[in-house]
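Read through the structure below, which is laid out as structure tokens, and then see the notes.
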Amino acid sequence: MFERIWRASLAPLMAAATAIIISSIALIISGNDPIDAFREMWKTIDSTQSVVIIVNVSVPYYISGVAAAIGFKMNLFNIGTNGQYLLAALIAGWAGAEVSLPPVLHVPFVIIVAITVGGTWALIAGILNVTRNVNVVVSTIMLNYIAIGISAFLLAEFFRDDATGGLVANTKLMPDSARLPALNPIFELFGVNFPPNTEVFGFLPFAILLGVAYYVLLNRSLFGYELKLSGMNPAAALAAGVNPKRMVLITLFMSGAVAGMIGLPFLLSDPSFLKYGDAFPTMLGFTGLGLALLGRNNPVGIAAAAIVWATIERATQRLGPIGIPPEIGKILQGSFLLSAVIAYEVVRRRNDAAAVAAAAAATHDLSDSSYEPPENLSTGQGTGAPV
Amino acid sequence: MTTTIDAAPPEATNGTSFVHSARFRIIALVLVGIAVMSAARMIADNPDLSSSGTFGVGLRTAAPIALAGLAGLVAERSGTVNIGLEGMMVMGTIFAGWWGWEYGPWMALLGGVIGGMLGGLLMSLATTTFGVNHIVAGVAINLIAPGVARFMASELFLDVQGGSVTTSPGNRGEIGAFTVPFLSGGDLFGWQSPDVLGWFEDTGWFMIADAAGFAKGMTTAVTWDVVITMGLFFGIAYLLWHMRLGLRLRFAGERPSAADSLGVSVHKMRWIGMAMSGALAGMGGAVLVLFSNRYQENQVAGRGFLGLATMIFGNWMPAGTAIGAGLFGYAQGITLRTNPGDLVRTLLLAAAIALILLVIWMLVQRDYAPAGTVTVFAVVTMWAYFAAQSPNNQLVFITPYVVTLIAVSIGAQRLRPPAEEGIPWFKGMQ
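Taken in sequence, the protein lines are chains R and V. Take 31 as the starting number for the first sequence in the numbering used here and just add one per residue. Take 5 as the starting number for the second sequence in the numbering used here and just add one per residue.
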């Protein structure tokens, strides 16, 4: 067990060390003291408020990572999660504010709208792939920008709340019935004391549920098996009776559906949003691609990656006043990601080579007898037969 | 207009070889294109649609896209799928903003090339040497580059007059421009030559004025960075198809194992390809910096991906990439004109006419299924033309992507990417 954890965390730890070294070099070049920087970063995150912020920020990151991972697992690179979530958040935010429903129905309604929009948008890429053989990377990139353009157009022309004048454009505020309550009371039961104006957003349980569902689907269901098989060996999957076109369509729909949920923590539980508008975060989909890579498409790994990402962001927020550029956080994230990607690949190749060597060692006697003995050949008795 | 439609379809009965040649098709397509634009301009009574000014701006907005497309082309021809173009362009912008502010516009261009090349080499380290999946590495580069740019900007521009974390203080001087004498009235040793194309443009004649407007736009006040961009297209095309290095580069993308068996170092070729790709993308970033005269955060705004689209639209060929970049640059350029709303509407009309012609053409060819898809797009475009009261720039923003998506879905079978691009290669692989 411990060896397994150690093995899985070796590459990320190496990558983290590399990232810290690279960022320190960047800090030294720019004339700052890395020790000061890291001490200040630790001081910033060492509070209840920071932990709550990190958890809240990492929830959409996590969902975004899972959305990307579903596609990655099948070697379908859904680069378009960004467009999928923006379009879904816009339409879900608009639809959620337009209808009036009891609370038990309102939240599911918004979630279903978001899932449907995100999934359908991703499905376009799937349909183009199975009917017209269009590469998914290409079509999702195009659909990304089309979705961004369409959502800006729809917001400006149709979904805009006319009450907000001037240059600001956003949808109407969600009614209270669509509001997920903060989770503070639950944590207070365990003796956590929250500073004022600090709340754990209510979407967190949904994200955890999503992770569990992803894990179960992938590792405990026939569909998950077929999905992994299609990703690892399409030819074997086809031979085993898996319909590749069906897999492409379902996978892209699911990936897009989860991507559609990325904006929901803001719509349903973040009191500073509760609507879609100009201030809405726009790059979460791209971040999620990186997190899926960092977390190796594994739900626990992605969660860890999302928390690391949010932690770095939070930690660097107060570097400005002591004269260190907070942008060092971006260097930290970037170098961590690239070195992790490289480290995984190196470790994978080494493991593959080790597996080949082990297999060769296990069949050593067999291959020895079939190829080595020269006397068998010289006497002309069957060349390939093991003795 | 009807006359040109009749002239256009090459399949029309007579089977001489010229009618079936690629050259005839291109000429016919260009004529149809001019006719469509001219018709739309006349119907909507908006001469700015095909004025030299609009084409001139279009050329300048096309240049960064074209460079990104060319960068993608070189990378993919040498076997690396380069999703990281966007990031490399960002690296180009920050270096160009820095050197342009410190040393002037020409050094900005060089800085962009170097910054982008760093991005390309970083990606090559992952993809070529360590064999990381190319999409994965490209995604990583795209996430890293904005961070590096922001860090550098905060270090370089934050405490400077006129600078901030998001903008450089501005370039030292302009790069200068060039106007062709006799055609567009450029200076010749201090003497102002006649402006022939300008005269034709002013006549407003059907098709002739539009063609003259296009030609004048291509030859009037073209900045030197754009001139170099145009030259690079010929240069790269010559390199790839007429020089030994180019052959080897393409060999590494088509059949790495065969290339290796003939003594070509696949890894070296892919490193060179990525260095060139990064340099070209970075130069695209520098062109953006020269256009706005300063570095601005997010000024790349998806042009790297657009370049990728352009390259696919152009079927991994320089000429096609240039045409795609021209189309997309034009679409972006009109949003910068004085009255973009009217221009966008007129362009929608032109697009609707072109799509209807495409549907007719497909029906003649009996491609019924894609014709149905295109009909939907034609109807939507037509609807947008009539419905849009205040045509939104966002609709123009998405056109290049929609056009590429249509082109790819219609022509995916005819597109031919390099055979073994995107597959990490190591010695001993088959």
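For each residue, glycine too, the CB sits at the ideal point set by N, CA and C. Just so we're clear, the structure is a prediction, and the values are computed from it rather than from any experiment.
Asked	Found
Comparing the C-beta of V:PHE161 with each C-beta of chain R, is any distance below 8 Å?	no
Taking 8 Å as the threshold (beta carbon to beta carbon), is R:SER60 in contact with chain V?	yes
Would you call the CB atoms of V:ILE38 and V:ASP214 closer than 8 Å?	yes
Is the region 245-256 of chain R in contact with the region 69-82 of chain R, if contact means three or more CB pairs nearer than 8 Å?	no
Assuming V:ILE357 contacts V:ALA157 (C-beta within less than 8 Å), just tell me the rounded distance between them.	About 45 Å separates the two Cβ atoms, so there is no contact after all.
Could you tell me if R:PHE32 is buried or exposed, where buried requires 16 or more neighbouring beta carbons within 10 angstroms of its beta carbon?	exposed
Hey, could you find the ends of the alpha helix (DSSP H) R:GLN363 is sitting in?	358-392
Who does R:ASN200 pair with in a DSSP beta bridge?	R:GLY307
Taking the alpha carbon of R:TYR175 as the point to measure from, which residue in V:GLY308, V:ILE414, V:LEU53, V:ALA355 has its own alpha carbon closest?	V:GLY308
Could you tell me the alpha carbon to alpha carbon distance between V:ARG154 and R:LYS360, rounded to whole angstroms?	8 Å
Helix, strand or coil, according to DSSP, for V:PHE182 in the structure here?	strand
List the whole-angstrom C-beta distance separating R:GLY290 from R:ALA208, where the pair is believed to meet the contact cut-off of C-beta under 8 Å.	That pair is no contact at about 16 Å.
Taking 8 Å as the threshold, find out whether the region 311-319 of chain V comes into contact with the region 119-133 of chain V through three or more Cβ pairs.	no
Which one or two residues does DSSP pair with V:LEU192 in a beta bridge?	V:TRP195
List in chain order: all unbroken alpha helix (DSSP H) runs of 4+ residues lying wholly within the region 274-362 of chain V.	307-317, 322-337
Could you pull out every residue in the same chain whose Cβ sits closer than 6 Å to the Cβ of V:LEU288, ignoring the five residues on either side in sequence?	Note that residue 288 of chain V is Gly in the sequence shown, not Leu. Once the five neighbours on either side are set aside, the close Cβ partners of V:GLY288 are PRO68, LEU71, ALA72, MET93.
Find the residues of chain R that neighbour V:TYR372, judging by a C-beta separation of less than 9 Å, and give them in chain order.	By Cβ distance, chain R contributes nothing, its closest Cβ being about 14 Å from V:TYR372, past 9 Å.
Confirm, please, whether the CB-CB distance from V:ALA241 to V:ARG252 is below 8 Å.	no
Is it a yes or a no for the region 129-142 of chain V touching the region 296-311 of chain V, going by three-plus beta-carbon pairs under 8 Å?	no
Anything in chain A within Cβ reach of R:ALA56, meaning under 8 Å, just list it in chain order.	No chain A appears in the structure shown, which is made up of the protein chains R and V.
In the DSSP assignment, the alpha helix (DSSP H) including R:TRP72 goes from what residue to what residue?	64-75
Once you ignore the five residues that flank V:PRO13 on each side, which residues in its own chain have a CB closer than 7 Å to its CB?	Confidence at V:PRO13 is low in this model, with a pLDDT of 44, below 50, so the placement of that residue is unreliable and no value is reported for it.
Grab the span of the alpha helix (DSSP H) containing V:ASP214 for me, first residue to last.	212-223
Looking at the structure shown, is V:THR131 part of a helix, part of a strand, or coil, going by DSSP?	helix
In chain order, what residues of the same chain have a beta carbon less than 6 Å from the beta carbon of V:GLY328, not counting five sequence neighbours either side?	THR314, PHE317, GLY318
Does the Cβ-Cβ distance between R:LEU368 and R:ILE109 come in under 8 Å?	no
Which residues of chain V have a Cβ atom closer than 7 Å to the Cβ of R:GLN363, listed in chain order?	GLY151
I'd like to confirm the pairing. Which residues does DSSP put opposite V:THR171 in its beta bridges?	V:GLN300
Please confirm whether V:THR65 has its beta-carbon closer than 8 Å to some beta-carbon of chain R.	no
Just to confirm, is the Cβ distance from R:ILE292 to R:LEU314 under 8 Å?	yes
Give the straight-line distance between the Cα atoms of V:ALA130 and V:VAL143, rounded to the nearest whole angstrom.	12 Å
Measuring alpha carbon to alpha carbon, tell me which of V:GLN336, V:TYR372, V:ALA285 ends up nearest V:VAL117.	V:ALA285
Measure the C-alpha to C-alpha separation of V:ASP229 and V:ILE179 and round it to an integer number of angstroms.	7 Å
Mapping DSSP to helix, strand and coil, what is V:THR227?	strand
Are the CB atoms of V:PRO322 and V:GLY83 nearer to each other than 8 Å?	no
I need the straight-line Cα distance from V:TYR389 to R:ASN163, nearest angstrom please.	31 Å
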